[in-house]
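S.K.: Going by my numbering, the sequence shown opens with residue 97, and the numbers climb by one from there.
Note that beta-carbon positions come from the ideal geometry of N, C-alpha and C, so glycine has one too.
Because the structure is a prediction, the values reported are computed rather than measured.
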Amino acid sequence: MHESIVSFIKKNRENILAPVLEVGSANVNGSIRGECPEPYTGVDLAPGAGVDVVVGEDDPLPFPDESFRTVISTSMLEHALDPVACLREMARVLSPGGLLLVTAAGNGFNRHNPPDRWRLMPGTLAEWGVRLGLNCQEEEDPQVSGRFLVAFRAG
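#1: Under a three-way DSSP split, which group does P43 fall into?
#2: Below 8 Å on the Cβ atoms is my contact criterion, and I expect A114 with P133 to pass it. Report the Cβ-Cβ distance as a whole number of Å.
#3: Round the Cβ separation of L177 and F248 to the nearest angstrom and send it over; I've been treating them as touching at under 8 Å.
#4: Can we say the segment 113-130 touches the segment 159-167, given the rule of at least three CB pairs closer than 8 Å?
#5: Roughly how far, in whole angstroms, is the beta-carbon of L221 from the beta-carbon of E234, given that I think they are within contact range, below 8 Å?
#6: When the Cα of M186 is compared with those of S103, D212, I128, G138, which residue comes out closest?
#7: What does the alpha-carbon distance come out to for the pair G225 and G152?
#8: Can you grab the Cα-Cα spacing for the pair D154 / G126, in whole Å?
#9: Given L228, which residues of its chain have a CB within under 7 Å of its CB, disregarding the five upstream and five downstream residues?
#10: If you compare alpha carbons, which of N231, D212, P158 is closest to S171?
#11: Run through the DSSP bridge pairs and tell me what R249 is partnered with.
#12: Skipping 5 residues on each side, what residues in its chain have a beta carbon closer than 6 Å to that of V147?
#13: According to DSSP, is L117 helix, strand or coil?
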């Protein structure tokens, strides 16, 4: 996990409240789990380190509406078949007043494995979030060409 993502999570740590959901939680190259309070649930497409619940790519998240105070997704949206549907599901399980933290690859990243499908232009994450009814602030990764989103659900 790139150090700028860890810094982004640490910068927002005081607002990260439990219960926490991480979407795309497999510990491939680092984990933010230790930076967050418990209870913490990690979901991903396959079993592995950091994964508590396995979901199918097109399946809804197996949680009730408004069940998490914080939802986090790092370096996952660029791999999703439908990133807007993924964000919609994250917003659905986010409680009123809850915090959504998302990072995604920007247009300066080379494609790699697992298959990358998307590169996000500046403003894209915030636009998608606003369309889903979230109060959004998008930031540019200060070290690499990534996109960071801080969003709150009205409530």
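M.R.: Straight from the coordinates:
#1: As displayed, the chain neither begins before 97 nor continues past 251, which places residue 43 out of reach and without an answer.
#2: 4 Å
#3: Contact flag wrong, Cβ pair sits at about 27 Å.
#4: Yes, they touch.
#5: 5 Å
#6: If we check each option's Cα against that of M186, G138 comes out closest.
#7: 23 Å
#8: 25 Å
#9: L183, R184, A187
#10: D212
#11: L230
#12: Cβ neighbours of V147 beyond the five flanking positions: S121, A122, G138, D140.
#13: Here L117 sits in strand by DSSP.
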